[in-house]
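Numbering (the UniProt record's numbering), first residue to last: 1 to 455.
Only one structure is covered here, and it is reproduced in the block below.
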Ligand code: SAH
Ligand code: ZN
Ligand code: ZN
Ligand code: ZN
Ligand code: ZN
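Structural data, given as structure tokens:
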């Protein structure tokens, strides 16, 4: 895919190993996914060596192989070639063009409505010829056009897109929850299915007054939504592909007219880079805050950040006002999360929010109950520990208190006197308990440290 220019760039890259993100840097060079992020290779938890820029969105080099040393001198010629490369790697149709195409498409009789599965594109009759040897769907109904997340195949590339769609039950729960909380506008950041549920209810039910704006890097959605409903956006570097106009759309959406309150809901890929996400979300929060200065003193834009429970401490590092809810978010296409002895899915994915925990009502029919001491809803298996004075389970199972560690631990753990901490029965002493080499936190090893991405 015409990647010659980039592939030829720069001398040898850092070999495999742990990388630390230094964050978005002013004046960073750009790839087709917007400004690159600054990284440094680490060894034994220490940052050392030459810093370099790499693509913010794609951690798989096959998807985008942008690379540049921080101190590298880039010639005018290469800069020009890079600009040309970035231009030529933008989608073939603009959002505007896609909106016009959609208008034409819905005018067609059912028999002429085709969707090319290979190109993931709605086809107008004049284009059929070019796609004859592609697989396509016929008779695309209005209902199908209203649920693009069903029509498009989920991008399952683990490192880059990782599209895991909410199960209907979870999506319905989220929507009802935020309606009950009084929100009328939802900034949907990487939550196309929630956006779609809102859009489709808004078009079908007269007294449904919730609106949503989708921000997502998946440009295929621009075929189904106008510029007021969808912005092509990269949440790892807060980049609006549509430039100032798109940014303004977002800003306007965040402005709370007629008391319509806004909440941001996001479900990013779990691949890590929490600090990059946090930095972008802070910028979105700042955008909200700037829209109405007086009212928002000392307040944060309400937010649901949907993420696995083992990222709790990382998220709290960046957002101390957040807390983790026990609700297990379920997905349609996530085989990994469908285990569990009872046959019920045990999803590790939770809701992190800056709203008061007691307001987040979890469904009793799914086994959640209210703990009056903790003032929040918890999983049925999550017992209140008298010593910790809190409902301590993170994974829904009943945890047990260890007096030596002075905290509750997983039911499968036991106290090892050698290591002087609780750990799995099967473990080799001296390797456990020290915590992660990189961030110092317990519960994971350096190789799986959430603060790192790997080459
Ligand atoms: N559970 C959600 C989907 C979450 S999957 C739902 O059902 O609505 C992660 C989403 O984030 C996908 O829609 C994916 O396209 C989007 N995404 C992945 N990388 C992104 C990036 N760099 N910037 C913005 N969105 C991204
Ligand atoms: Zn890129
Ligand atoms: Zn409790
Ligand atoms: Zn305890
Ligand atoms: Zn212990």
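In this text, a Cβ means the ideal position worked out from N, Cα and C, and glycines have one as well.
The structure displayed is predicted, hence computed values, not measured ones.
Could you tell me the boundaries of the alpha helix (DSSP H) in which residue i lies?
i, result
"residue 288", "274–291"
"residue 234", "Run containing residue 234: none in the alpha helix (DSSP H); it sits in the beta strand (DSSP E), 230–234."
"residue 247", "243–254"
"residue 400", "Not the alpha helix (DSSP H): residue 400 falls in the beta strand (DSSP E), residues 400–402."
"residue 144", "142–146"
If contacts are defined as beta-carbon pairs under 8 Å, then residue i and residue j qualify, I think. What distance do you get, rounded to the angstrom?
i, j, result
"residue 152", "residue 120", "6 Å"
"residue 306", "residue 267", "4 Å"
"residue 102", "residue 224", "7 Å"
"residue 236", "residue 277", "7 Å"
"residue 367", "residue 358", "Their Cβ separation, rounded to whole angstroms, is 18 Å, which puts residue 367 and residue 358 out of contact at 8 Å."
"residue 412", "residue 424", "7 Å"
"residue 429", "residue 418", "4 Å"
"residue 262", "residue 183", "7 Å"
"residue 21", "residue 37", "6 Å"
"residue 459", "residue 414", "Since the displayed the chain opens at 1 and closes at 455, residue 459 lies outside it and no answer follows."
"residue 27", "residue 234", "Going by Cβ atoms, the distance from residue 27 to residue 234 rounds to 18 Å, so no, they are not a contact pair."
"residue 59", "residue 271", "6 Å"
Using a 10 Å radius around the Cβ and a threshold of 16 neighbouring Cβ atoms, would you call residue i buried or exposed?
i, result
"residue 167", "buried"
"residue 42", "buried"
"residue 322", "buried"
"residue 50", "exposed"
"residue 206", "exposed"
"residue 212", "buried"
"residue 57", "buried"
"residue 96", "exposed"
"residue 67", "buried"
"residue 394", "buried"
"residue 343", "Below a pLDDT of 50, predicted positions are generally treated as unreliable, and residue 343, at 46, falls in that range; the measurement from the model is reported next regardless. Under this definition residue 343 is an exposed residue."
"residue 372", "exposed"
"residue 142", "exposed"
"residue 110", "exposed"
"residue 229", "buried"
"residue 54", "buried"
"residue 169", "exposed"
Tell me whether residue i sits in a helix, a strand or coil according to DSSP, three-state version.
i, result
"residue 340", "Here residue 340 scores only 42 on pLDDT, less than 50, and its place in the model should not be relied on; the value that follows carries that caveat. Three-state DSSP puts residue 340 in coil, outside helix and strand."
"residue 308", "strand"
"residue 413", "strand"
"residue 128", "helix"
"residue 136", "strand"
"residue 65", "coil"
"residue 373", "coil"
"residue 73", "coil"
"residue 262", "strand"
"residue 155", "coil"
"residue 394", "coil"
"residue 20", "strand"
"residue 421", "strand"
"residue 99", "helix"
"residue 195", "helix"
"residue 219", "helix"
"residue 323", "strand"
"residue 2", "Because the pLDDT at residue 2 is just 32, under 50, the model does not fix this residue reliably, and the point stays unresolved."
"residue 380", "coil"
"residue 239", "strand"
"residue 79", "helix"
"residue 358", "helix"
"residue 11", "Model confidence at residue 11 stands at a pLDDT of 44, short of 50, so the residue's coordinates are unreliable; what they give is reported in the following sentence. In the structure shown, residue 11 sits in coil (DSSP, three-state: anything other than H, G, I, E or B)."
"residue 454", "Reliability of the predicted coordinates at residue 454 is poor, the pLDDT of 35 falling under 50, and the value obtained from them is presented with this limitation in mind. Residue state, collapsed to three classes: strand."
"residue 105", "helix"
"residue 225", "coil"
"residue 37", "strand"
"residue 92", "coil"
"residue 200", "helix"
Identify the continuous beta strand (DSSP E) that holds residue i and give its terminal residues.
i, result
"residue 352", "349–353"
"residue 121", "121–123"
"residue 110", "Premise fails: residue 110 is in no beta strand (DSSP E) and is neither H nor E."
"residue 59", "Premise fails: residue 59 is in no beta strand (DSSP E) and is neither H nor E."
"residue 427", "Where residue 427 is concerned, there is no enclosing beta strand (DSSP E), given that its DSSP letter is neither H nor E."
"residue 184", "183–189"
"residue 171", "Counting along the chain, residue 171 falls outside any beta strand (DSSP E), though it belongs to the alpha helix (DSSP H) covering 168–180."
Would residue i pass as an interface residue toward chain C - the criterion being a Cβ-Cβ separation below 8 Å?
i, result
"residue 126", "Protein chains in the displayed structure number just one, and chain C is not present."
For this session: Any chance you could list the residues with Cβ under 7 Å from a heavy atom of ligand 5, keeping chain order?
Result: 402, 404, 405, 409, 415, 421 and 422
Problem set entry | Neighbourhood of ligand 2 [Cβ distance below 6 Å to any heavy atom], ordered by chain position | 31, 32, 33, 55, 57, 58, 64 and 66
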